[in-house]
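*Asks:* Once you've had a glance at the structure underneath, I'll fire off some questions.
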Amino acid sequence: MTYKLYWYPGSAAMAPHAILHDIGKDFELIEAKGAFLKSADYLRKNPNGTVPVLVCENGETLYESAAICQFLAERHPETGLCPAIDDPCRGKYLQWMMHLTNTVQEAMTIWWHPDQYTNIPEVQAKLKYEAEARLAKLWQVLDGHLQENGPLLCGDRFFACDYYLAMLIRWTRDMREPGESFPYLNRLVSMAMARPAYKKMLQDQNITQNVLPDTIGTPSMDCQSEGEGFCD
Ligand SMILES: N[C@@H](CCC(=O)N[C@@H](CS)C(=O)NCC(=O)O)C(=O)O
Numbered sequence: 003m004t005y006k007l008y009w010y011p012g013s014a015a016m017a018p019h020a021i022l023h024d025i026g027k028d029f030e031l032i033e034a035k036g037a038f039l040k041s042a043d044y045l046r047k048n049p050n051g052t053v054p055v056l057v058c059e060n061g062e063t064l065y066e067s068a069a070i071c072q073f074l075a076e077r078h079p080e081t082g083l084c085p086a087i088d089d090p091c092r093g094k095y096l097q098w099m100m101h102l103t104n105t106v107q108e109a110m111t112i113w114w115h116p117d118q119y120t121n122i123p124e125v126q127a128k129l130k131y132e133a134e135a136r137l138a139k140l141w142q143v144l145d146g147h148l149q150e151n152g153p154l155l156c157g158d159r160f161f162a163c164d165y166y167l168a169m170l171i172r173w174t175r176d177m178r179e180p181g182e183s184f185p186y187l188n189r190l191v192s193m194a195m196a197r198p199a200y201k202k203m204l205q206d207q208n209i210t211q212n213v214l215p216d217t218i219g220t221p222s223m224d225c226q227s228e229g230e231g232f233c234d
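The opening position of the sequence shown corresponds to residue 3 in our numbering, with each subsequent residue numbered one higher.
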């Protein structure tokens, strides 16, 4: 089974890319940037001209990072990255995936691409400012959740939503309050970075991710295995 992933470094392809490494089978990476993203051939795959795009062995083509994560994690239950339909964590897992892509990622998009909302520079600056304030509130809530119920979004089991959160946190590195400045978010990032699949993804993409010294104590658990125990 060979998947193809269209990506570029540090983009929304990070989380699907890490999951492909967890699956552990060969896959093809196709770097897609600039004019190529707007070519007729690429727009047939994703009419929005963005990454990621996943192409399956039967030619099925998907876009939307969270959908690709969900699709891969469910198709490969051996990765343990998605709770089964009757798993007690299932509802909360879906809640986090949707919250991250629908609410947190949306605020992030306003910060990264205010030009998609208005071409008036002063309004863009205001939008960026407000998006950052909104994100700080969202991080506060997520950090509090991880403090109470963590170390990961669904407790002590590492799921695709944890990769997704680690990816979104990397996108905040140039903000006034980057995600990793919240101690429990920082710990989740360090747990993602301890996984070989996330490490390999960062290496393939030739990018790094900030993680701060742990101030709260990392739990003694092995988050790499199923059942134990988340733009440039
Ligand atoms: N909601 C989409 C967002 C995709 C997206 O905006 N991707 C960015 C990179 S993070 C992109 O390809 N931008 C290139 C462009 O807009 O030209 C997803 O999660 O897949």
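No residue lacks a Cβ here, since even glycine has one placed at the ideal position from N, Cα and C.
Note that the structure is a prediction, hence the values are computed from the model and not measured.
Tell me the rounded alpha-carbon separation between Y8 and D164.
*Replies:* Sequence index remark: in the sequence shown, residue 8 carries index 6 (1-based). Sequence index remark: in the sequence shown, residue 164 carries index 162 (1-based). The straight-line gap from Cα to Cα measures roughly 21 Å.
*Asks:* Mind checking Y131: buried by the 16 CB within 10 Å criterion, or exposed?
*Replies:* For the purposes of this step, residue 131 is taken as residue 129 along the sequence shown, with counting starting at 1. The residue in question, Y131, is exposed, as its Cβ has fewer than 16 Cβ neighbours within 10 Å.
*Asks:* With a cut-off of 8 Å on the beta carbons, I'd call G29 and C84 a contact; round off their distance for me.
*Replies:* Taking the first residue of the sequence shown as position 1, residue 29 is located at position 27. Taking the first residue of the sequence shown as position 1, residue 84 is located at position 82. Rather than Gly, the amino acid found at residue 29 in this sequence is Phe. So it is not a contact: roughly 18 Å between Cβ atoms.
*Asks:* For the alpha helix (DSSP H) that contains W9, what are its first and last residues?
*Replies:* If you number the sequence shown from 1, residue 9 lands on position 7. Counting along the chain, W9 falls outside any alpha helix (DSSP H), though it belongs to the beta strand (DSSP E) covering 5-9.
*Asks:* Check whether the region 101-113 touches the region 127-144, taking contact to mean three or more Cβ pairs, one atom from each stretch, closer than 8 Å.
*Replies:* Yes: at least three Cβ pairs fall under 8 Å.
*Asks:* Where do the ends of the alpha helix (DSSP H) carrying F38 lie?
*Replies:* Locating residue 38 in the sequence shown gives position 36, where the first residue counts as 1. No alpha helix (DSSP H) contains F38, which DSSP labels as neither H nor E.
*Asks:* Would you mind working out which of E66, K202, N212, A34 sits nearest T174, comparing C-alpha positions?
*Replies:* For the purposes of this step, residue 174 is taken as residue 172 along the sequence shown, with counting starting at 1. Ranking E66, K202, N212, A34 by Cα distance to T174 puts N212 first.
*Asks:* Please state whether the Cβ-Cβ distance between G152 and L190 is less than 8 Å.
*Replies:* For the purposes of this step, residue 152 is identified with residue 150 of the sequence shown, where counting begins at 1. For the purposes of this step, residue 190 is identified with residue 188 of the sequence shown, where counting begins at 1. Yes, the Cβ-Cβ distance between G152 and L190 is below 8 Å.
*Asks:* Less than 7 Å between C-beta atoms, sequence neighbours within five positions excluded: which residues of the same chain meet that for E228?
*Replies:* Here residue 228 is taken as the residue at index 226 of the sequence shown, counted from 1. Confidence at E228 is low in this model, with a pLDDT of 38, below 50, so the placement of that residue should be treated as unreliable; the coordinate-derived value is given next. For E228, where only same-chain residues beyond five positions count, the Cβ hits under 7 Å are G82.
*Asks:* One question on the structure: do L39 and Y5 come within less than 8 Å of each other, judged by their Cβ atoms?
*Replies:* Within the sequence shown, numbered from 1, the residue matching residue 39 stands at position 37. Within the sequence shown, numbered from 1, the residue matching residue 5 stands at position 3. Cβ distance not < 8 Å, so L39 and Y5 don't count as in contact.
*Asks:* Can you tell me which of Q207, N208, L31, N50 puts its alpha carbon nearest to the alpha carbon of Q118?
*Replies:* Position 116 of the sequence shown holds residue 118. Minimum Cα distance to Q118 is reached at N50.
*Asks:* From the DSSP output, in three-state form, read off F29 for me.
*Replies:* Here residue 29 corresponds to residue number 27 of the sequence shown, with the count starting at 1. Looking at F29 - three-state DSSP - the assignment turns out to be strand.
*Asks:* Using DSSP bridges, identify the partner residues of Y157.
*Replies:* Within the sequence shown, residue 157 is the residue found at index 155, counting from 1. The sequence shown places Gly at residue 157, not Tyr. Beta-bridge pairing links G157 to L154.
*Asks:* Determine contact between the region 57-72 and the region 86-93, defined as no fewer than three beta-carbon pairs at a distance below 8 Å.
*Replies:* Touching, no, given that fewer than three Cβ pairs across the two stretches are closer than 8 Å.
*Asks:* Quick one: grab the DSSP three-state call for Y119.
*Replies:* Taking the sequence shown and counting its residues from 1, the one referred to as residue 119 is at position 117. Coil.
*Asks:* Return helix, strand or coil for T105, following the three-state DSSP convention.
*Replies:* Indexing the sequence shown from 1 puts residue 105 at position 103. Correct three-state label for T105: helix.
*Asks:* Kindly say whether L96, judged by its beta-carbon, lies nearer than 8 Å to any beta-carbon of chain D.
*Replies:* Although the question refers to chain D, the structure presented lacks it and comprises just one protein chain.
*Asks:* Can you tell me whether A14 is buried or exposed? The criterion is at least 16 other CB atoms within 10 Å of its CB, across all chains shown.
*Replies:* As a working note, residue 14 is residue 12 in the sequence shown. That one is buried.
*Asks:* Can I171 and L187 be called in contact, C-beta distance under 8 Å?
*Replies:* Stepping through the sequence shown from its first residue, residue 171 is reached at position 169. Stepping through the sequence shown from its first residue, residue 187 is reached at position 185. For I171 and L187, yes; Cβs fall inside 8 Å.
*Asks:* Report back the beta-carbon spacing between K47 and Y10 to the nearest angstrom; my notes put them in contact at under 8 Å.
*Replies:* If you number the sequence shown from 1, residue 47 lands on position 45. If you number the sequence shown from 1, residue 10 lands on position 8. The pair is not a contact, with the Cβ atoms about 14 Å apart (cut-off 8 Å).
*Asks:* Let's test the definition: count the other Cβ atoms within 10 Å of the Cβ of D24 and tell me whether it reaches 16, buried, or not, exposed.
*Replies:* Against the sequence shown, residue 24 aligns to sequence position 22. Counting Cβ neighbours within 10 Å, D24 comes out buried, since at least 16 surround it.
*Asks:* Under 8 Å Cβ to Cβ from Q142, same chain only, skipping five residues before and after it: list those, please.
*Replies:* Position 140 of the sequence shown holds residue 142. Taken in chain order, the residues that qualify are F184.
*Asks:* Can you find the residues in the same chain that come closer than 8 Å, C-beta to C-beta, to M195, ignoring five residues on each side of it along the sequence?
*Replies:* Taking the first residue of the sequence shown as position 1, residue 195 is located at position 193. Contacts found: A168, K201, L204, Q211, V213.
*Asks:* L39: beta carbon under 7 Å from a heavy atom of ligand 1?
*Replies:* Taking the sequence shown and counting its residues from 1, one reaches residue 39 at position 37. Within the cutoff, so yes.
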